[in-house]
Each structure stands twice: as structure tokens, then as C-alpha cells.
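In this note's numbering, the protein residues as written are 12 to 161.
Yeah, the Cβ is synthetic: ideal placement off N, Cα and C, and Gly gets one too.
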Amino acid sequence: MISLTVNGQKKQVDVGAETPLLWVLRDNLGITSVKYACGIAECGVCTVLIDGEAVRACTISVEEVQQSDITTVEGLPADHPVKVAWIEKQVPQCGYCQPGIMLQTVDFLSRQPNPSEDQINDALDDVICRCGTHPRIKQAIQMAAEIAPK
Ligand code: FES
Ligand code: FES
Numbered sequence: 012m013i014s015l016t017v018n019g020q021k022k023q024v025d026v027g028a029e030t031p032l033l034w035v036l037r038d039n040l041g042i043t044s045v046k047y048a049c050g051i052a053e054c055g056v057c058t059v060l061i062d063g064e065a066v067r068a069c070t071i072s073v074e075e076v077q078q079s080d081i082t083t084v085e086g087l088p089a090d091h092p093v094k095v096a097w098i099e100k101q102v103p104q105c106g107y108c109q110p111g112i113m114l115q116t117v118d119f120l121s122r123q124p125n126p127s128e129d130q131i132n133d134a135l136d137d138v139i140c141r142c143g144t145h146p147r148i149k150q151a152i153q154m155a156a157e158i159a160p161k
């Protein structure tokens, strides 16, 4: 048995230690906001927070995160600045990539609370949205930075 803490709740799953976290979140715990795309840590779609740091769940094993706090987009409160900004700016199109990009944004803003446009562009360099919502993502990141309590 593997023990995990997901969105503040203790979970036990009967899987092999090497199983990627993404599979366990989706197939064992039913958290389908975490999406599969490239499977090789290239696109960012499967991003979750591990102890507050953005990590690609497709390539990290459950064994590696047993002692950590795992957060998916469901674990962010409704009034989290990133959620508020995403809704205000109506960012998603199909929505597939959005939970991962939102969580990457949470990590980014924790390190860069007042980012420049160039820093935002750099942060978006390694996340893929096939619908091309990057202009609205940038607006939402700027808004989230502005409304976040400092
Ligand atoms: S599915 Fe994990 S980074 Fe693309
Ligand atoms: S909103 Fe469709 S992939 Fe990003």
C-alpha cells in the first residue's frame, strides 16, 4: 500500500511503487482534472503541486511523493487569486490544459509575486495549450498577481 496526502486528505492506494502519480490520481482516486497528454514531462498538462512546487505528474512515481502534500486544482480555494482571475478573464477554451497551467501559475507567482511581461512569457514557454489561449492566460496571470494579498 502507498499512502498519499491529496488536497489535505490521506489516501491509501494499492499500486506499485513505480506507478506514475498521474495514473494514481486519475485511475485510483478519480481526480480527472489532472490530464494526460505527452506523458514525457514536455507539455505541462499534468502539472500538480508537490509541497507547493509545480511538478509533472506523468513522470514522477507515487513512491517519490509519499511524504509530500499533493495539490490538484480542486485543492485551491474558490477565492484563490488564480481561480478568480481565470474566471474573470474567461481563459479556457476546451479546458484540457487549464488545471495544469493554473497550478504552474500558482508556483510561478509564489516565486515572482510581481512578474514582468517577459517573466510571464518565459513562464509560459514550456506549457502547451493547443487552443491558443496564451493571450488570456497572460492577462489572468497579471490579474492574479495584482489581486493576490501581499
Ligand atoms: S502529460 Fe505530463 S508533461 Fe505532458
Ligand atoms: S484550452 Fe484547450 S488545450 Fe488549452
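- DSSP links T16 through a beta bridge to K21 and D80.
- By the C-beta criterion, the region 51-63 is judged to be in contact with the region 77-87, since at least 3 inter-stretch pairs fall below 8 Å.
- Distance from the CA atom of V76 to the CA atom of W34, rounded to whole angstroms, is 14 Å.
- For V66, the uninterrupted beta strand (DSSP E) run begins and ends at E64 to R67, by DSSP.
- Within its own chain, the residues whose Cβ lies closer than 6 Å to the Cβ of G86, once the five positions on either side in sequence are excluded, are N18, listed in chain order.
- For I61, the uninterrupted beta strand (DSSP E) run begins and ends at T58 to I61, by DSSP.
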